[in-house]
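Read through the structure below, which is laid out as structure tokens, and then see the notes.
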Amino acid sequence: MRATFMRGSLAVAGVIALVGGCRTGAVDSGGKQPPPKTNGSASPAPSDDAKRPDDAKRPGPSPSRTPSVRPTPPPKVLMARGASGAKVRELQARLRQIAWLFDGPNGTYGPATAKAVEGFQGKRGLPRTGNTDTVTWARLVKMTHAPTRDELYANGGQPAAKPDPRCMTGRVVCISKTSRTLTWMIDGKALMTTDVRFGSQFTPTREGVFSVYWKSRHHVSTIYHTAMPYAMFFSGGQAVHYSADFAARGYSGASHGCVNVRDEGKIASLFAQVRNGDKVVVYW
Numbered sequence: 232m233r234a235t236f237m238r239g240s241l242a243v244a245g246v247i248a249l250v251g252g253c254r255t256g257a258v259d260s261g262g263k264q265p266p267p268k269t270n271g272s273a274s275p276a277p278s279d280d281a282k283r284p285d286d287a288k289r290p291g292p293s294p295s296r297t298p299s300v301r302p303t304p305p306p307k308v309l310m311a312r313g314a315s316g317a318k319v320r321e322l323q324a325r326l327r328q329i330a331w332l333f334d335g336p337n338g339t340y341g342p343a344t345a346k347a348v349e350g351f352q353g354k355r356g357l358p359r360t361g362n363t364d365t366v367t368w369a370r371l372v373k374m375t376h377a378p379t380r381d382e383l384y385a386n387g388g389q390p391a392a393k394p395d396p397r398c399m400t401g402r403v404v405c406i407s408k409t410s411r412t413l414t415w416m417i418d419g420k421a422l423m424t425t426d427v428r429f430g431s432q433f434t435p436t437r438e439g440v441f442s443v444y445w446k447s448r449h450h451v452s453t454i455y456h457t458a459m460p461y462a463m464f465f466s467g468g469q470a471v472h473y474s475a476d477f478a479a480r481g482y483s484g485a486s487h488g489c490v491n492v493r494d495e496g497k498i499a500s501l502f503a504q505v506r507n508g509d510k511v512v513v514y515w
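Position one of the sequence shown corresponds to residue 232 (this note's numbering), numbered consecutively onward.
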């Protein structure tokens, strides 16, 4: 009877365990449940919570990338303070055309040129650097014309033009209207060159081949009552002589037909060397 009761109790306990969903293991002789078996040193399988990655480590949505914009490079500087040469002379001549520079071109990028460029830039909303960059140069070229030879050498200083063939023999005062220069030559060799100025359109300097017929060291014009030091007459009242007006005003003025020299040292040297009868050639 007791055996039957025990079997019935165990059966009831088994049903309850299955209904409750419990997992049961073997029970040792002391009534304690042994630890789960492991394969060697392996750790127990992690729980579902342990398998779930940390929210902090979970990657979020990738941020949208804004395409990088390269900054526009500054315009290239073509000329700046301290530069010199033919391009600087052209820059200065163009600035003179639009009244930003008043000094004659000299081919050197000095303070006056930098100030003129800075003013030109500021007037047109460009950075006032005083340096001539590609943008500044393009604007200036658009507003001006290619300078003439006289504009490039508004204050003189042109290289002497190629000598006229008539200057290549004998003792010759060789005068070029193209380069506005006088060259003293003997047997085709140039010994000295200087700037000269000519008459206006109303009193032009004659062209052709002449000869010195009279020299007058302290001459004064009987027509215009002006001093004509170191005068060397070659055609009527026209002479090569020193001009204080040319020395003071440059090419903003003109002679009454004579060939003006502004370098007193050079005209004094020329006067000492030239003889009556020496050839004078005036040509373009």
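For glycine and all other residues, C-beta sits at the position ideal for the given N, C-alpha and C. Keep in mind that this is a model prediction, so the values were computed, not measured.
**Item:** Start and end residues, alpha helix (DSSP H) containing phenylalanine 351
**Value:** 342-354
**Request:** On the DSSP bridge assignment, give the partners of lysine 393 in chain order.
**Result:** The bridge partners DSSP lists for lysine 393 come to none.
**Message:** Taking the alpha-carbon of tyrosine 340 as reference, which of Pro358, Ala317, Tyr384 has the nearest alpha-carbon?
**Reply:** Ala317
**Request:** Round the Cβ separation of arginine 428 and alanine 499 to the nearest angstrom and send it over; I've been treating them as touching at under 8 Å.
**Result:** Actually they are not in contact, since the Cβ atoms of arginine 428 and alanine 499 sit about 18 Å apart, beyond 8 Å.
**Asked** Considering only residues of the same chain and omitting the five flanking positions on each side of glycine 439, which have a CB-CB separation below 7 Å?
**Response** Val513
**Asked** Where do the N-terminal and C-terminal ends of the alpha helix (DSSP H) with leucine 322 fall, by residue?
**Response** 317-328
**6 Å CB neighbourhood of phenylalanine 502 in its chain, flanking five on each side removed** = Tyr461
**Asked** If you follow the beta strand (DSSP E) that leucine 501 is part of, which residue opens it and which one closes it?
**Response** That residue, leucine 501, is in no beta strand (DSSP E); its alpha helix (DSSP H) goes 495-504.
**Item:** Of the listed residues Ser431, Lys393, Phe433, nearest to alanine 421 (C-alpha basis)
**Value:** Lys393
**Message:** Closest to lysine 373 by C-alpha separation, out of Tyr444, Tyr384, Gly508, Arg355, would be which residue?
**Reply:** Nearest of Tyr444, Tyr384, Gly508, Arg355 to lysine 373, Cα basis: Arg355.
**Asked** Which residue's Cα is closest to the Cα of arginine 327: Leu371, Gly430, Lys497?
**Response** Leu371
**Prompt:** Would the beta-carbon of valine 403 fall within 7 Å of that of methionine 416?
**Reply:** Going by C-beta atoms, valine 403 is nearer than 7 Å to methionine 416.
**Prompt:** Which value, in whole angstroms, describes the spacing of the CA atoms of glycine 271 and serine 299?
**Reply:** Per-residue confidence for glycine 271 stands at a pLDDT of 47, beneath the threshold of 50, marking its modelled position as unreliable; no derived number is given.
**Request:** With distances taken Cα to Cα, identify the nearest neighbour of alanine 470 among Asn507, Ala391, Thr344, Ala479.
**Result:** Asn507
**Message:** Can you look up phenylalanine 464 in the DSSP assignment and give me helix, strand or coil?
**Reply:** strand
**Asked** DSSP state of glycine 252, grouped into three classes?
**Response** Unreliable positioning characterises glycine 252 in this predicted model, as indicated by a pLDDT of 41, which lies under 50. A coordinate reading is not provided.
**Request:** Go ahead and label aspartate 426 buried or exposed: buried means 16 or more other beta carbons lie within 10 angstroms of its beta carbon, across all protein chains shown.
**Result:** Flag for aspartate 426 reads buried.
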